[in-house]
Amino acid sequence: MAELQNTQKEEFDIGMSDNDLLNQIITWERESESFYTFLKRTWEININYYKGHQTDVGLLRGKQSKAVENRIFMAVESMIPIATSRLPDIVVKSGDEDEQSQQDAMDLQDVLAFHMERVGIQELAERFLRNLIVKRYGVFKPFWDKQIDDVGLEEIDPKRIRVPRFGKDINSLAFIIQELELSYEQAEKHFGTDKAKILLEMGFQEGVPDSIHGTIAEPNRIHPDSNKQRRKTFTIKEVWTNEFVAWKAGTEILKKQKNPFFDFTNKKKNYFLKPQKPFIIKSLFHTGESILGETDYITQLLSVQDNINITKRQTEDIIGKVANPPLLIDSDVMSEEQAAGITNEPGIIIYGKDAASGTKMRFESPGQVPNYLFQELSESRNQFDNIWGIHSTTRGERQGKETLGGRQLLRAADLGRIDLVARQLERALDEIAEYWTQLIK
Numbered sequence: 198m199a200e201l202q203n204t205q206k207e208e209f210d211i212g213m214s215d216n217d218l219l220n221q222i223i224t225w226e227r228e229s230e231s232f233y234t235f236l237k238r239t240w241e242i243n244i245n246y247y248k249g250h251q252t253d254v255g256l257l258r259g260k261q262s263k264a265v266e267n268r269i270f271m272a273v274e275s276m277i278p279i280a281t282s283r284l285p286d287i288v289v290k291s292g293d294e295d296e297q298s299q300q301d302a303m304d305l306q307d308v309l310a311f312h313m314e315r316v317g318i319q320e321l322a323e324r325f326l327r328n329l330i331v332k333r334y335g336v337f338k339p340f341w342d343k344q345i346d347d348v349g350l351e352e353i354d355p356k357r358i359r360v361p362r363f364g365k366d367i368n369s370l371a372f373i374i375q376e377l378e379l380s381y382e383q384a385e386k387h388f389g390t391d392k393a394k395i396l397l398e399m400g401f402q403e404g405v406p407d408s409i410h411g412t413i414a415e416p417n418r419i420h421p422d423s424n425k426q427r428r429k430t431f432t433i434k435e436v437w438t439n440e441f442v443a444w445k446a447g448t449e450i451l452k453k454q455k456n457p458f459f460d461f462t463n464k465k466k467n468y469f470l471k472p473q474k475p476f477i478i479k480s481l482f483h484t485g486e487s488i489l490g491e492t493d494y495i496t497q498l499l500s501v502q503d504n505i506n507i508t509k510r511q512t513e514d515i516i517g518k519v520a521n522p523p524l525l526i527d528s529d530v531m532s533e534e535q536a537a538g539i540t541n542e543p544g545i546i547i548y549g550k551d552a553a554s555g556t557k558m559r560f561e562s563p564g565q566v567p568n569y570l571f572q573e574l575s576e577s578r579n580q581f582d583n584i585w586g587i588h589s590t591t592r593g594e595r596q597g598k599e600t601l602g603g604r605q606l607l608r609a610a611d612l613g614r615i616d617l618v619a620r621q622l623e624r625a626l627d628e629i630a631e632y633w634t635q636l637i638k
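Numbering-wise, the sequence shown is residues 198 to 638 according to this note's numbering.
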């Protein structure tokens, strides 16, 4: 393992030429492409189901029922408020017993708590957990905010983060690539005027999406006088290892430097023993060697959600027919032309021979909705709630006859499942506090 780490350090270092650095980054992008092709499909499906675009509802036409009982949205938005309602307090303990060390620990604890409140940690935590559940993982990025000369925190869309397939934690990942969207002014501020002008000369291949929206597309140079419409923002790749960071746009290295959040000259000034990438990534349901879980709640429940929607649509379609039975009229009562003018409008008057007798004019006896549909719908709902661990009691609903003890048991079981998600958030907050301590020190 040590030999592998040394090799990695030699392959990606501040002394590399821009061309070698560019080739290394492109190699990493290609390495992660197949992994992210799979993830993109998962994101698309999960987001659609979260929004309620489920079970081919957009393909239904006419009077067919378009019912969608979005239990996925209900489960996600029931879990998040509970998991974020009371965030854990930051606790700092000193390894020394002397009074000054204890006071320093208390002061640091107060500082970290203040910054958690300042950055709006509860709102960020809600977005973090929503991404963790819907997109399979959540991402925080602690950093030093130069504008206020203090620590900062960013919650990042997982779609903009690339990691290798293998590596169980941040430090063991060979790389992390973040895709940034910067305006010309932002690029000029970060990389200088010369590099920003290079971005202005770049255009993307016609008909080829960039790496945010599809396959990797390297930009071509275009003439400054070209009529081709330029992008309002530029896609920049920020590439991190533990010791190094570089910024790439297309085939151009804009900047490279050692990890700016670690003091390499006087290591005693650091809180960390070794430099670390400034990212916190959390996921659920790990079974392999990846930092990302192999599945998620929504993926596991797609078929159950589909079954609920299909059964509900079948039920509504049958009810629509039962509630509007055919009207049978004897030919002695009225002519065919008169009968054709009858509608089911409320309060309509029907006039004709023996129309009121009930023997020559009547509605066909309506059928019944099969009981098995209601039973199947109920079983699918229960299956969904049991797998996700969010029952009606936790959602604040009351269904049927429930004892107080039964409701308490269900709620306790649900809270235990929610605690799995809350623990990941707690670990993330702990890692944020540690990285902030590194930045402050």
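C-beta atoms are modelled at their ideal positions from N, C-alpha and C, and glycine is treated no differently.
Have a look at the DSSP bridge pairing and note the partners of residue i.
i           : result
residue 442 : 437 and 454
residue 338 : 351
residue 487 : 364
residue 480 : 334
residue 634 : Bridge partners of residue 634: none, in fact.
residue 375 : 358 and 435
residue 241 : None; residue 241 has no bridge partner.
residue 449 : 446
Please name the residue, chosen from the options, that lies closest to residue i on a Cα-to-Cα basis.
i           : options               : result
residue 569 : 616, 396, 228 and 508 : 508
residue 226 : 275, 447 and 380      : 447
residue 379 : 500, 262, 579 and 430 : 430
residue 516 : 571, 355 and 489      : 571
residue 287 : 327, 314 and 264      : 314
residue 582 : 232, 253 and 270      : 270
residue 248 : 540, 388 and 273      : 273
residue 618 : 638, 637, 397 and 586 : 586
residue 355 : 346, 374 and 344      : 374
residue 640 : 364, 567, 532 and 539 : Because the chain in this structure spans residues 198 to 638, residue 640 falls outside the shown range and cannot be described.
residue 229 : 532, 432, 358 and 540 : 358
residue 580 : 290, 268, 324 and 388 : 268
residue 344 : 303, 304, 317 and 387 : 387
residue 282 : 638, 622, 637 and 485 : 622
residue 324 : 301, 352 and 304      : 352
residue 143 : 484, 565 and 534      : Since the first and last residues shown for the chain are 198 and 638, residue 143 lies out of range.
residue 383 : 432, 214 and 398      : 432
residue 372 : 397, 221 and 290      : 221
residue 636 : 346, 390, 531 and 389 : 346
residue 567 : 514, 341 and 534      : 514
Taking C-beta to C-beta, are residue i and residue j nearer than 8 Å?
i           : j           : result
residue 279 : residue 615 : yes
residue 348 : residue 312 : yes
residue 502 : residue 584 : no
residue 505 : residue 266 : yes
residue 339 : residue 626 : no
residue 330 : residue 276 : yes
residue 218 : residue 393 : no
residue 334 : residue 495 : no
residue 477 : residue 385 : no
residue 574 : residue 512 : yes
residue 376 : residue 434 : yes
residue 490 : residue 481 : yes
residue 326 : residue 337 : no
residue 362 : residue 461 : no
residue 578 : residue 264 : no
residue 493 : residue 243 : yes
residue 258 : residue 479 : no
residue 291 : residue 304 : no
Any chance the CB of residue i is under 7 Å from a heavy atom of the ligand MG?
i           : result
residue 481 : Looking for the ligand MG in the displayed structure turns up nothing, as the structure carries no ligands at all.
Kindly indicate if chain C contains any beta-carbon less than 8 Å away from that of residue i.
i           : result
residue 230 : Looking at the structure shown, chain C is missing, and only one protein chain is on hand.
(message) Quick check: the region 367 to 374 against the region 436 to 450, are at least 3 beta-carbon pairs closer than 8 Å?
(response) yes
(message) Within 8 Å, do at least three Cβ pairs link the region 295 to 309 to the region 455 to 465?
(response) no
(request) Specify whether the region 627 to 634 and the region 469 to 477 touch according to this definition: at least 3 beta carbon pairs, one from each stretch, less than 8 Å apart. (result) yes
(message) If contact is defined by three or more beta carbon pairs under 8 Å, each pair taking one atom from either stretch, is the region 296 to 306 in contact with the region 231 to 240?
(response) no
(message) Extract the residue ranges of the alpha helix (DSSP H) inside the region 280 to 315, only unbroken runs of 4 or more that lie entirely within it.
(response) 296 to 315
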